[in-house]
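Position one of the sequence shown corresponds to residue 1 (the UniProt record's numbering), numbered consecutively onward. Where is the CB? At the ideal position from N, CA and C, for every residue including glycine.
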Amino acid sequence: MRRWGIRKKVLVVTLVPTLITTLILGLFFTYSWVNNIENLLKDRGESLSRQLAAGSEYGLFTANRSLLSSLSNALLEEQDVRSITFFDSDRRRLLHTGPNSSDNLDSKELAKEQASQITRKASTRFVNPVFLQDLMIQSMHDPDARQSAFKQREPLGWVAVEMSHIRTEKETYKALLISLLLVLGGVLFSLLIALRLSRAFTGPVLELNEAVAKLKEGKLDTRIHTNAGPEFEQLESGLNAMAEELSKAQAEMQQNIDQATEDLRETLETIEIQNIELDFARKEALEASRIKSEFLANMSHEIRTPLNGIIGFTELLLKSPIPRQQRDHLSTIRKSSEILLTIINDILDFSKIEAGKLILDRVPFQLRDIVEEVMVMLAPAAHGKNLDLVPLVYNDVPDNITGDPLRVKQVITNLVNNAIKFTQTGEVVLRASLEDEDKESNRVTLRLSISDSGVGLSRAQQQSLFNAFSQADASTARQYGGTGLGLAISKRLVEEMGGEIGLESELGKGSTFWFTLTPELSSGGEAVAPRDALKGERAIYLEHQKTCGLAVEHLLRDWGMTVDRVTCPSAMQEKIEEAQKSQLGYAVAIIGITRHLLNSSQYCGLVRAIEIERDCRTLLLTPTLEIHDTPLSGLASGHLTKPICRDALYDELLLLVHGINTSGQGIAHQDQTARLPAPVNVPRVLAVDDNEANLKLVMTLLQDYQIDADGASSGFEALSKSRHKAFDLVFMDLQMPGMDGVETAARIREMDKSNNHRTAIIALTAHALADEQERLARQGFDGYMPKPISSVQLADTIHEWTGYQCRSTSTGRIQVPEVRDTRRTLRPSTRQMQRDCVSVDEGIQLAAGKTDLAEELFSMLLEQLPTDLDNIERLWASGDLENLLECVHKLHGATRYCGVPELRSAANHLETALKCSAPDMELQKNQLTSAIERLQIWSEQTDWQQMFRGHHQQADA
């Protein structure tokens, strides 16, 4: 009702009470009227029936039909009387006057001795019994009869008067119609009054609304006069006053607008003049931007050109034999040059982004390979500060994705490098996880976070950290170096790739830099072979760096291995011994050590005991530092540097556990590679560069690869040499005086058409601002090599375009990707408890207590072992079991006089197997060769002469 209008409310207030009152009164009077009509009919029927009963007493008594007929005919003249019926004492119809009725009275209805009425649909019958009265003459003369009559009181008959309902129904309908007309009349009268009252209210309101609408349209001369009463007069006066004030305000505002328009016209004229000036300024800014771009390109070339010579010749000097102090100086020069090159690259990348010329590649790549490459590259810097550098890539992260791998690698490198730079102790952990996956668009959301335990950042420092040329504080650049562009470039790169970047940090508690990527999944990636060769194998792992241990254990368990972690060397040695006693020894023992444990005698003893005494293969995980001069060198069967890469770890475990070498034949020894045959099909190479240092560097590298190359210092000289000699490959500098590299390449292409020869032309340039590769391809170049030039990149380019494998005369090796040396053939770990390899006490006892004799017999056995091992392998391969039995028998006899329990037992078992032609001869042969190898390794790594002489000294004492 709150939303109803005044008109509706007035109608409801007026009509509802009136309607309810009228309906109640109409119903009451109609009910009274109808009830009176029915009662009147009933009274008349009862009265007529009593009169007829009294008048028909004699007729019934005498059965005088004519008398009864005259009575009934007289009574039929009465209104509403329809018929009259007389019944005798036997309840038989004696006389009926009026229309015949199908309703005959039942004897039960006539059995009553009192008056009754029987109501039917169209009429009502009033039945009265007729009794004999005392005044009758016969009764007066006969007292006995009178007494008997009083006793019997039996009716003489019955009289039934039928009263019709027709007139009663008419009266009822008439009463209803009159009541209805009265109600409708009252409602209509009330409606007229309500409409009149509502119009008296709503009329002025509508006039007020109309006036307000006119005022809203701007017709401020509108005035209101409703004459509707004092209440509306107050509202009218308020609205009229408001309209008058609005009219005055509009006039004043119009005056102000006219003044402002005049002022604006003058301002527009001034702005038009300024726009002309801005247009000139814009043209000047564009020209300045173009000049800046050219300046950056030229600066890149001019700075990279001397850097190319500095870095290149520094690498050449480092390859030559020089004193250690000079080598340190050269390493410092190289590092400083690389830092300067990094700063230049950051500035040029930032300029690319600011100029909007950054174009992202869209190629398939493997995220785990990118992460591992960054970690391996930055590991020396982290391990130099004794930091734990760990990559954690969760299993649900897809490996094959599409994007720009170089830019992703650049962002990761920047963030990890910053974490290492500002962390003094603790760890730097990279975590890659899957946040969301959209199967419809084949797109995923990856989150990469780099956490460190460094100095942390305050909130004020965090706010400006991603700004260009901004660092945490002013002392940062002095202490750590850098331009402050790394994070700004990373932010822009991540945003260009559709991701977000941020950090979470607290001062003094480290920082976590994170960024997200939304790449598409790559469906064309190479199928990765399942790594299930290590499934079910058992490994024991000792690691002091908790996060690194978690990452390695995660990889091992993912490959199906069972890993038992230990916390100290003694616990590892005890668990290996217990496992071998239960015939369930470990397949490999993994030992991770930190920088300060490289020279630990405890770990040297641990590795020696596991390798020699327990015959269990060990894998050493060390920081990326030189360990060749440490006691651990050569003790372990395998060695990997941290952070651990998946492929390297898997391949090393395959070699240690199953003896499977996935690297092929590997690299031979240096003395074998020095005897490589002379190179054939040496390509004809031309190097063109106007800078003498750069040209000399390229020529020196080519000569180091045994390529007799030609050099040219200008485009004209290059064309002259190309006319006299056809080259297979040309390294062309782009910026040269006179004829630049682009024009020279075009001239060479024209010469190729006439000579039916295709010359591969590779551009040498230091430009890094524009998209060089695409532009150079349109200008006729086959490839692109940025300065400074590295020897590996040069060798790869030569191999790609000519098929020639570059061999370095300084190292004597072919410049191919380095593979791991297979060292020696490794046998799997012994999984069960075995006899001791050497027992000095037993050897002295077998030599009748003579220490010198025991030492001599043991020495003779060691001298004979290499020959026996070769003979056993040769005879077994040729199937000559007879001579093999003789050889084993001699070896078995020699072991009887020396303290070599394991070798003696293995020789005895093989001799017995050969004599009986046992089916396990091959197994016994392998165990014998393993025992020989263990004894040889023990003798090489143990000062056994001192052990025998020590016993001799104790005996003398």
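Exposed or buried, what is residue i when buried is set at 16 or more other beta-carbons lying within 10 Å of its beta-carbon?
i           : result
residue 969 : In the structure displayed, the chain extends from 1 to 957; residue 969 sits before or after that span and is not available.
M860        : exposed
S336        : exposed
F422        : buried
A281        : exposed
P530        : exposed
L40         : exposed
K121        : exposed
G585        : buried
S320        : exposed
A687        : buried
W938        : buried
First and last residue of the alpha helix (DSSP H) that includes residue i?
i    : result
H554 : 546-558
L865 : 851-878
Y586 : Neither: Y586 is in no alpha helix (DSSP H) and is coded neither H nor E.
P155 : Run containing P155: none; DSSP gives neither H nor E here.
M497 : Where M497 is concerned, there is no enclosing alpha helix (DSSP H), given that its DSSP letter is neither H nor E.
S89  : Counting along the chain, S89 falls outside any alpha helix (DSSP H), and DSSP gives it neither H nor E.
I844 : 840-846
Rounded to the nearest angstrom, what separates residue i and residue j at their Cα positions?
i    : j    : result
S49  : L95  : 15 Å
I612 : R934 : 6 Å
S839 : A918 : 30 Å
E902 : H658 : 22 Å
G454 : N599 : 28 Å
L640 : A648 : 8 Å
D920 : A913 : 7 Å
W944 : R608 : 14 Å
S714 : L632 : 55 Å
L485 : L341 : 14 Å
E236 : L264 : 40 Å
A726 : Y804 : 17 Å
T562 : A488 : 45 Å
R334 : L318 : 10 Å
K9   : P204 : 16 Å
L846 : E940 : 23 Å
F232 : E207 : 11 Å
L296 : L764 : 17 Å
L507 : R407 : 30 Å
DSSP state of residue i, grouped into three classes?
i    : result
P129 : strand
M163 : strand
P204 : helix
Q117 : strand
P519 : coil
Q945 : helix
A280 : For clarity, residue 280 is Phe in the given sequence; the question names Ala instead. Residue state, collapsed to three classes: helix.
G711 : strand
G403 : strand
I37  : helix
H757 : coil
F422 : coil
R334 : helix
Y650 : helix
Go to residue i, then tell me how far its beta strand (DSSP E) extends in each direction, as first and last residue.
i    : result
E692 : First-last for E692: 692-704, but that is the alpha helix (DSSP H), not the beta strand (DSSP E).
T765 : 760-765
I224 : No beta strand (DSSP E) holds I224; DSSP gives it neither H nor E.
Y58  : Per DSSP, Y58 belongs to no beta strand (DSSP E); it is in the alpha helix (DSSP H), 57-62.
N661 : Counting along the chain, N661 falls outside any beta strand (DSSP E), and DSSP gives it neither H nor E.
E435 : 427-438
D452 : 443-452
Mind checking if residue i is an interface residue toward chain C, Cβ cutoff 8 Å exclusive?
i    : result
Q946 : You won't find chain C in this structure, because it holds only one protein chain.
Cβ contact check for the segment 785-801 and the segment 699-709: 3 or more pairs under 8 Å: yes
Validate contact between the segment 410-420 and the segment 489-509 using beta carbons, cut 8 Å, 3 pairs: yes
Any 3 or more C-beta pairs closer than 8 Å across the segment 421-433 and the segment 389-407: yes
Three CB pairs or more closer than 8 Å across the segment 572-583 and the segment 548-557: no
The segment 502-522 contacting the segment 432-446, beta-carbon criterion three pairs below 8 Å: yes
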